[in-house]
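**Student:** Residue numbers (the working numbering), protein chains in the order written: chain A, 13 to 555; chain B, 36 to 431; chain C, 140 to 404.
Would you mind keeping the following structure in view while I ask a few things?
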Amino acid sequence: MHEITSRPVATCGFDDVRRVDGFENISAAYPAYLTDESKFSCRPFDHLFFPRSEAELSAVMEEMARRGIKITIAGARTGLVGGCVPNQGALVSLENFDRVLALYHDAPAAEWRLKAQCAVNLRSIAAQLSAKNLPDIERCADGMTLLEMDRFRREPPYFYPPDPTEMSASLGGTVATNASGARTFRYGPTRAWVRGLRVMLVNGEFLDIPRGRYFASPSGEFVVSDSAGRDYRVKIPTYPSPRTKNTSGIFTAPHMDLIDLFIGSEGAFGVITEVTVGLLPRRPKISIVQFLQSDEQAIALVQALRAESRIRLDLLESYSGSALDLLRERQRRDARSVGTPPIPETAGAALFFELDFDPADKTVTMDALDAVVRGGGASLSDSWSAYENRELERLKGFRHILPETINAVIAERKKKHPGLHKLGTDLAVPDERLRDIWAVYREGLAGAGLEWAAFGHIGNNHVHINILPRDMADLEKALGLYQMFAEKAVEFGGTVSAEHGIGKLKAKFLKTMFSPEAIAEMRAVKKALDPNLLLNPGNIFEG
Amino acid sequence: MLKIIHNVCNLCGLCQKSCPFGAISAGAEKITVDERCTLCGACVSVCPQSALSIERRQASPEELARSVGVFVWAECEAKEGRLVPRRVVHELLTHGRRLADRLGQPLLAVVLGDGRLAGLERLCHQGADRVICCRHELLGRYSTDGFTTALSAVVAKEKPSVLLFGATPNGRDLAPRVAARLRLGLTADCTGLAIDDQGQLVQTRPAFGGNIMASIVTPYTRPQCATVRPNVFSAAEPDTRRPVAIQDFPVNLSKAAIRTRVVEELPAAEFGEKIEEARILVSAGRGCGEPSNLDLVRRLAHRLGGSLAGSRAIVELGWIPHTLQVGQSGTTVGPDLYVAVGISGAVQHIVGMSSSKKIVAINKDPDAPIFKIADIGVVGDAQAILPKLLDQLKSQ
Amino acid sequence: MQIAVCVKQVPEITNVRVNPETGTLIREGVASILNPFCEYALDHAVRLKNGDPGIEVVAVSMGPPQAESALLRCLELGADRAVLVSDRQFAGADTWATALTLAAVLRKEVPGYDLVLAGKQAIDGDTAQVGPEIAEILGLPQVMYAVEMSFTPNRKRIRVKREVESGHEVLEARLPALVSASKGDAMRRMPSLADVLAARRKELRKITAADLDLSESELGLAGSYTQVVKVFPPEPKSGGRKLEGLDPAQAAHEIAAFLRAERYV
């Protein structure tokens with residue numbers, strides 16, 4: 013079925029919605045709403061709304077549409093590309109959409125599912141699932157729901173697999189950006205776990221879209237009808253999607269599911285208000301930091317680990333030798349700030365991975381892993397491992413401290429060169445091009461004489477190259493290099509943005525990756541669902 | 036009584052040297068013990084052959100009733116060339132007086148030291164009916180072996196009903212040793228002591244990092260032993276009209292029985308007043324950001340005439356020495372004024388400072404538990420507030 | 140040479156909460172860990188062993204069967220073998236009964252000990268009594284709050300740097316001796332994956348009260364001299380004023396006014 017009808021919600025008066033008018037008032041009382049984690053600066057805007065219900069949200073959308081005012085949507089404001097940073101008009105914060113709505117077992121899929129409003133954050137979901145304590149649901153007096161809750165408590169523990177590192181991100185935001193992270197290596201990006209969405213369109217009506225019900229017609233079309241009988245015809249783009257994890261541009265595939273059009277669309281087509289996700293049983297894990305001699309040895313080991321089918325890794329991350337140097341330097345200054353024992357002096361790179369592990373199993377051997385690591389010229393003796401919660405937290409801290417350390421270095425240099433900022437890439441390539449892109453990075457960086465550190469999702473061939481410019485001349489060189497890296501990634505069949513999205517900051521990279529025709533196809537979808545281009549102006553599409 | 040397994044004994048003579056009462060004599064063929072033996076256990080502890088043992092039965096109510104007196108170990112510290120009782124002793128005597136009165140029994144202080152002992156009359160002014168004083172050149176500085184032997188000797192001979200120690204580092208070292216030697220029950224780190232209707236000592240202490248309190252009794256053994264945190268009880272004003280009675284208690288100690296020796300002392304660089312005894316403390320936590328910001332905290336402490344202290348977090352980060360650590364695993368303090376700067380107030384910290392008379396807290400997190408106990412709490416950034424506060428205090 | 144390390148499994152105390160209605164501890168979701176001070180003690184043993192591979196390090200624990208996981212961690216961190224003594228008869232043991240049991244385990248399972256190490260205290264009970272009581276039962280000299288240690292060249296003594304109220308001091312004790320470890324500069328180590336796998340093949344002996352030379356009356360509650368008669372939540376403390384939303388100057392003014400009113404300045 014490729015036809016779907018949007019339905020109106022109960023309405024309320026526009027004046028009932030809590031709001032702040034005037035840019036001066038907004039910036040004085042709500043400075044946090046002027047930017048996101050990218051620290052990208054907004055342009056003045058006139059209204060800030062805090063709707064508490066779909067009725068209020070709908071009232072805002074209708075009124076803004078009537079006045080022709082453009083709307084930017086904000087969730088937890090943890091994005092890295094300025095997606096929720098307004099450049100005009102109105103900002104609508106969905107922070108009050110913060111209730112968990114349902115927890116149920118879906119019999120046909122044999123899967124536990126959680127349904128929540130868009131502003132519920134991932135940390136809260138993780139904590140509630142882990143404690144098996146969902147207060148929003150328990151407050152509801154519905155006998156069936158409570159019965160289901162009892163059943164869930166008797167089950168082994170469950171978790172929601174996507175883990176985009178920033179756990180204060182809102183569920184809706186992670187869907188709008190198709191967030192991924194370390195665990196994408198095994199579990200895929202957010203897209204793989206979304207089972208249903210409720211989306212408010214720019215006309216103030218909503219669509220309920222379960223996965224698996226609405227598919228593009230053989231001619232590549234969806235038809236959305238509203239309650240007044242108007243039809244919006246959507247022609248899905250025809251360009252091929254890259255064979256990597258990807259958040260650049262609009263997802264498309266022959267016979268695609270309508271739900272996938274909204275996931276990762278950065279709010280271009282509608283406002284996600286409710287999300288249903290699938291859950292997985294949580295098994296105990298062991299995390300390992302495997303020290304190696306060089307970045308090249310790390311790449312070879314990544315390929316060997318991926319090729320060995322007996323090894324199932326949850327995540328596969330890397331630290332370049334230069335990244336370890338930065339951390340070692342920090343340890344030398346303050347041994348305790350890194351929270352781990354000293355990094356071995358001999359280590360010239362490291363891989364970080366995680367796999368299933370039962371601490372009570374006395375027969376565990378991990379022969380396959382041992383063989384691959386040995387085969388790569390390394391030894392499991394040169395590693396750190398952790399499986400107790402407090403120890404896992406320690407290694408998690410070790411992963412997070414690297415970006416923090418880089419930011420501190422830049423902040424120090426900024427004192428002398430105020431215009432300075434770090435440059436972090438978000439490029440990914442297909443598996444077979446990992447070695448090639450690494451060679452491009454290494455030669456480019458060495459040639460430019462820049463200071464850099466690399467870390468991230470090497471298992472997905474998605475390493476963040478972080479350039480630490482020492483002065484403005486370095487920054488110039490770095491910007492040029494970034495463009496060259498992006499072109500190479502695309503040439504290798506990869507993407508210019510694997511997880512951060514395009515937002516407002518990376519719109520120029522979209523042209524590196526997509527032809528003018530492809531971008532025109534994306535714009536046509538936008539135009540079909542949001543004819544007056546009112547929603548999230550500036551995201552994905554420049555201007 | 037003392038049991039000697041003669042065929043295991045190799046007549047090494049260590050027991051003779053270790054006996055504080057000279058009750059053991061080594062003959063050519065076997066050792067003998069005379070009526071001076073108090074079953075203090077010093078010999079059992081040093082015997083390398085395990086040839087000596089004391090059978091200790093659990094006592095009947097009549098026997099328990101024969102143990103009389105509340106005893107306080109009066110720990111001394113060196114000050115200007117003299118050895119004087121430290122503050123926690125006065126606190127214990129003040130509260131011990133209440134316990135002794137409730138029991139209708141005398142209160143005694145036990146002092147161990149050398150010729151430098153001084154100021155002992157204060158112990159009587161503070162409530163003791165009598166002071167038992169062991170002077171010996173080997174008691175001039177604390178050693179586990181020397182003090183255990185001497186105190187066990189006093190206790191075995193005098194048979195008190197209650198024995199209290201300050202939960203200081205040495206108190207916590209000595210108390211379990213004496214208790215084990217004499218086979219006594221011991222409760223650590225008490226924050227409350229009372230006498231119940233049966234005349235038993237009810238000892239209250241925090242457990243699980245202060246999340247829960249437990250009341251503990253010692254039904255079968257006397258004395259009932261407890262260590263008590265400093266600053267839990269407040270010391271009364273000394274009453275100089277009280278009569279002074281100091282009794283010497285001779286003990287026999289040999290150098291050979293002290294199996295440890297100090298080879299080097301390394302005082303901490305930043306060490307002024309003991310924080311345990313400070314009247315005003317300004318205490319820093321993780322919320323101070325970085326070690327360089329401690330300077331502001333130090334200046335405030337200086338301005339208020341107080342001392343610098345800190346939380347476990349910053350001790351572990353190496354910003355201040357462990358001697359300045361407040362809390363469960365550090366020192367329990369009870370100043371008149373406690374200013375907590377950037378300390379969130381984990382329960383382990385609160386346990387160590389909640390008896391402070393007035394508490395001022397500055398913290399960024401409005402939900403920090405420290406605000407639950409602060410007399411005045413300010414939600415805000417200490418780095419911004421402290422300079423202004425220093426200005427304001429200067430300008431008046 | 141043998142070094143015995145007495146260790147305890149404890150709940151991760153920072154996560155312990157009390158049910159405000161019943162006053163009991165909420166143990167659900169609270170992980171069990173090797174007491175950190177015990178881990179520092181073990182680390183000292185392993186470092187001494189690194190200086191002399193002939194040393195055998197034996198970790199010893201009394202606790203429920205689950206305490207095996209704390210001993211596994213000891214094996215991962217470098218202990219050569221481990222002994223867990225577990226018995227329902229130990230229930231209700233106070234520090235004395237615990238010390239008596241552990242001393243019996245040491246005599247039986249590590250009879251050649253030259254050094255007994257322990258943590259300065261366990262983070263759940265915080266008594267710091269079991270170590271000294273074991274030392275007294277075994278007739279050993281003791282040194283508490285150690286942060287560094289080494290054997291003297293003739294191996295007759297252990298030289299210990301320890302925390303004291305005024306800073307640190309260095310002490311020597313005749314061997315065999317018991318030394319309890321404080322934190323000092325120690326940082327908990329992270330075992331390698333090879334260590335983790337190897338630990339699971341090391342000897343972890345499980346024994347019961349019947350294996351010890353002790354009578355029933357010496358065990359658990361029966362062998363304890365102290366008894367817990369009541370457990371209750373601490374009195375909630377009441378705070379005073381909490382001021383929010385002040386700028387730094389206003390905040391400083393409020394504090395200064397308080398200090399003046401209370402006559403501290």
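Quick reminder that beta carbons are idealized off the backbone N, C-alpha and C, glycines included.
Can you find at least 3 beta carbon pairs, one from the region 166-175 of chain A and one from the region 125-140 of chain A, that sit closer than 8 Å?
**Tutor:** The region 166-175 of chain A, when compared against the region 125-140 of chain A, does touch it at the 8 Å Cβ threshold.
**Student:** Can you check whether the C-beta of A:R295 is within less than 8 Å of a C-beta belonging to chain C?
**Tutor:** Taking the first residue of the first sequence as 1, we reach residue 295 of chain A at position 283. Chain C, which has no Cβ nearer than 8 Å to the Cβ of A:R295, makes this no.
**Student:** If distances are taken between C-alpha atoms only, which option among C:K345, C:D334, C:T266, C:E275 comes closest to B:P204?
**Tutor:** Translated into positions along the second sequence, residue 204 of chain B becomes position 169. The candidate whose alpha carbon is nearest that of B:P204 is C:T266.
**Student:** Going by DSSP, what residue range makes up the alpha helix (DSSP H) through B:F182?
**Tutor:** Here residue 182 of chain B corresponds to residue number 147 of the second sequence, with the count starting at 1. Where B:F182 is concerned, the enclosing alpha helix (DSSP H) stretches over 179-193.
**Student:** Under 8 Å, do B:S187 and B:R216 count as touching if we go by C-beta distance?
**Tutor:** As a first step, residue 187 of chain B is located in the second sequence; it is residue number 152 there, counting from the start. As a first step, residue 216 of chain B is located in the second sequence; it is residue number 181 there, counting from the start. Yes, Cβ-Cβ distance for B:S187 and B:R216 is below 8 Å.
**Student:** Which residues bound the beta strand (DSSP E) around C:K381?
**Tutor:** Taking the third sequence and counting its residues from 1, the one referred to as residue 381 of chain C is at position 242. Segment 380-382, the beta strand (DSSP E) holding C:K381.
**Student:** Report yes or no: do the region 401-413 of chain A and the region 450-457 of chain A share at least 3 C-beta pairs separated by less than 8 Å?
**Tutor:** No, because fewer than three Cβ pairs between the region 401-413 of chain A and the region 450-457 of chain A fall closer than 8 Å, the two stretches do not touch.
**Student:** Helix, strand or coil for B:C82, going by three-state DSSP, please let me know.
**Tutor:** Here residue 82 of chain B is taken as the residue at index 47 of the second sequence, counted from 1. Here B:C82 sits in coil by DSSP.
**Student:** Measuring only the C-alpha atoms, how far is B:P120 from C:A325?
**Tutor:** Taking the first residue of the second sequence as position 1, residue 120 of chain B is located at position 85. Taking the first residue of the third sequence as position 1, residue 325 of chain C is located at position 186. When rounded, the distance between both Cα atoms is 34 Å.
**Student:** Nearest CA to the CA of C:V197: which residue from C:T365, C:D219, C:A333, C:A390?
**Tutor:** Along the third sequence, one-based indexing puts residue 197 of chain C at 58. Checked all of C:T365, C:D219, C:A333, C:A390; the closest Cα to C:V197 is C:D219.
**Student:** For A:R348 and chain B, any beta-carbon pair shorter than 8 Å?
**Tutor:** As a working mapping, residue 348 of chain A is identified with position 336 in the first sequence. Yes, contact with chain B.
**Student:** Inspect the CB distances between the region 302-322 of chain B and the region 338-352 of chain B and report whether three or more fall short of 8 Å.
**Tutor:** At 8 Å Cβ cutoff, the stretches touch.
**Student:** State the CB to CB distance for the pair A:A22 and A:A67, rounded to an integer number of angstroms; the pair is presumed to be in contact (CB under 8 Å).
**Tutor:** Along the first sequence, one-based indexing puts residue 22 of chain A at 10. Along the first sequence, one-based indexing puts residue 67 of chain A at 55. A:A22 to A:A67, Cβ: 5 Å. Contact.
**Student:** Return the residue from the list C:T291, C:R339, C:S331 that minimises the CA-CA distance to A:D370.
**Tutor:** If you number the first sequence from 1, residue 370 of chain A lands on position 358. Among C:T291, C:R339, C:S331, the Cα nearest to that of A:D370 is on C:R339.
**Student:** So A:M161 is in the alpha helix (DSSP H); what residue range does that whole segment cover?
**Tutor:** Your numbering for residue 161 of chain A matches position 149 in the first sequence. Residues 155-166.
**Student:** Who are the neighbours of B:L359 on chain A, taking C-beta pairs under 8 Å?
**Tutor:** Translated into the one-based positions of the second sequence, residue 359 of chain B becomes position 324. Going along chain A, no residue has its Cβ under 8 Å from B:L359, so there is no contact; the nearest lies around 17 Å.
**Student:** According to DSSP, is B:C225 helix, strand or coil?
**Tutor:** One-based indexing of the second sequence puts residue 225 of chain B at position 190. DSSP places B:C225 in strand when its eight states are reduced to three.
**Student:** Straight-line CA distance for A:T47 to A:P56?
**Tutor:** On the first sequence, residue 47 of chain A is found 35 positions in, with the first residue counted as 1. On the first sequence, residue 56 of chain A is found 44 positions in, with the first residue counted as 1. So the two alpha carbons sit approximately 12 Å from each other.
**Student:** Going straight from the alpha carbon of B:R334 to that of B:N328, what length do you get?
**Tutor:** Locating residue 334 of chain B in the second sequence gives position 299, counting from the first residue. Locating residue 328 of chain B in the second sequence gives position 293, counting from the first residue. For B:R334 and B:N328, the distance between alpha carbons rounds to 10 Å.
**Student:** Can you pull out the residues from the region 360-394 of chain A whose beta carbon lies closer than 9 Å to at least one beta carbon of chain C?
**Tutor:** Of all residues in the region 360-394 of chain A, F369, P371, A372, D373, K374, T375, V376, T377, M378, L381, D382, V385, S391, L392, S393, D394 have a Cβ within less than 9 Å of some Cβ in chain C.
**Student:** Below 7 Å between beta carbons is the criterion; list the residues of the region 299-312 of chain A that meet it against any residue of chain C, in chain order.
**Tutor:** Under the 7 Å Cβ criterion, the region 299-312 of chain A contributes I300.
**Student:** Among residues of its own chain, excluding the 5 on either side of B:S80, which ones have a beta-carbon nearer than 7 Å to its beta-carbon?
**Tutor:** By 1-based counting over the second sequence, the position of residue 80 of chain B is 45. So the qualifying residues of the chain are R216.
**Student:** Does A:W124 come within less than 8 Å of chain C when only Cβ atoms are used?
**Tutor:** Counting from 1 along the first sequence, the entry for residue 124 of chain A is found at position 112. So no, A:W124 is outside the interface.
**Student:** Which same chain residues end up closer than 7 Å to B:A135 when comparing Cβ atoms and leaving out the 5 residues on each side of it in sequence?
**Tutor:** Here residue 135 of chain B is taken as the residue at index 100 of the second sequence, counted from 1. Taken in chain order, the residues that qualify are V105, P141, L142.
**Student:** From B:R157, B:H160, B:Q161, B:T183, pick the residue whose C-alpha is nearest to that of B:C169; which is it?
**Tutor:** For the purposes of this step, residue 169 of chain B is taken as the residue at position 134 of the second sequence. Of B:R157, B:H160, B:Q161, B:T183, the residue nearest in Cα terms is B:T183.
**Student:** Hey, is B:E351's beta-carbon within less than 8 Å of any beta-carbon in chain A?
**Tutor:** Taking the second sequence and counting its residues from 1, the one referred to as residue 351 of chain B is at position 316. With 8 Å as the cut-off, B:E351 counts as an interface residue toward chain A.
**Student:** With distances taken Cα to Cα, identify the nearest neighbour of A:A359 among A:G550, A:S395, A:L328, A:D373.
**Tutor:** Along the first sequence, read from residue 1 onward, the residue named residue 359 of chain A stands at position 347. Of A:G550, A:S395, A:L328, A:D373, the residue nearest in Cα terms is A:S395.
**Student:** Let me make sure I understand the geometry here. Which of A:P63, A:R19, A:V93 has the alpha-carbon closest to that of A:S53?
**Tutor:** Against the first sequence, residue 53 of chain A aligns to sequence position 41. Looking at the Cα atoms, A:V93 is the closest of the given residues.
**Student:** Per DSSP, A:S397 forms a beta bridge with which residues?
**Tutor:** One-based indexing of the first sequence puts residue 397 of chain A at position 385. Paired residue(s): A:I300.
**Student:** Give a yes or no on whether the minimum CB-CB distance between C:E357 and chain A is below 8 Å.
**Tutor:** Start at 1 with the first residue of the third sequence, and residue 357 of chain C comes out as number 218. Judged by the 8 Å Cβ criterion, C:E357 is not in contact with chain A.
**Student:** Which term fits A:L159, buried or exposed, when burial requires 16 or more other beta carbons within 10 angstroms of its beta carbon?
**Tutor:** One-based indexing of the first sequence puts residue 159 of chain A at position 147. It counts as exposed.
**Student:** Hey, is A:N99's beta-carbon within less than 8 Å of any beta-carbon in chain C?
**Tutor:** Locating residue 99 of chain A in the first sequence gives position 87, counting from the first residue. Chain C contact via Cβ: absent.
**Student:** How should B:F243 be labelled, buried or exposed, when 16 other C-beta atoms within 10 angstroms of its C-beta is the threshold for buried?
**Tutor:** Locating residue 243 of chain B in the second sequence gives position 208, counting from the first residue. So B:F243 counts as buried.
**Student:** For A:D181 versus A:A191, is the C-beta spacing smaller than 8 Å?
**Tutor:** The count along the first sequence starts at 1 and reaches residue 181 of chain A at position 169. The count along the first sequence starts at 1 and reaches residue 191 of chain A at position 179. At residue 181 of chain A the sequence reads Ala, which differs from the Asp that was named. The answer is yes: Cβ separation under 8 Å.
**Student:** If you count every other CB in all the chains shown that lies within 10 Å of the CB of B:I394, and 16 or more means buried, which is it?
**Tutor:** Within the second sequence, numbered from 1, the residue matching residue 394 of chain B stands at position 359. Buried, by the Cβ-count rule.
**Student:** Figure out for me which residue from C:Q148, C:N189, C:L254 has the closest Cα to the Cα of C:G278.
**Tutor:** Against the third sequence, residue 278 of chain C aligns to sequence position 139. The shortest C-alpha separation from C:G278 is found at C:L254.
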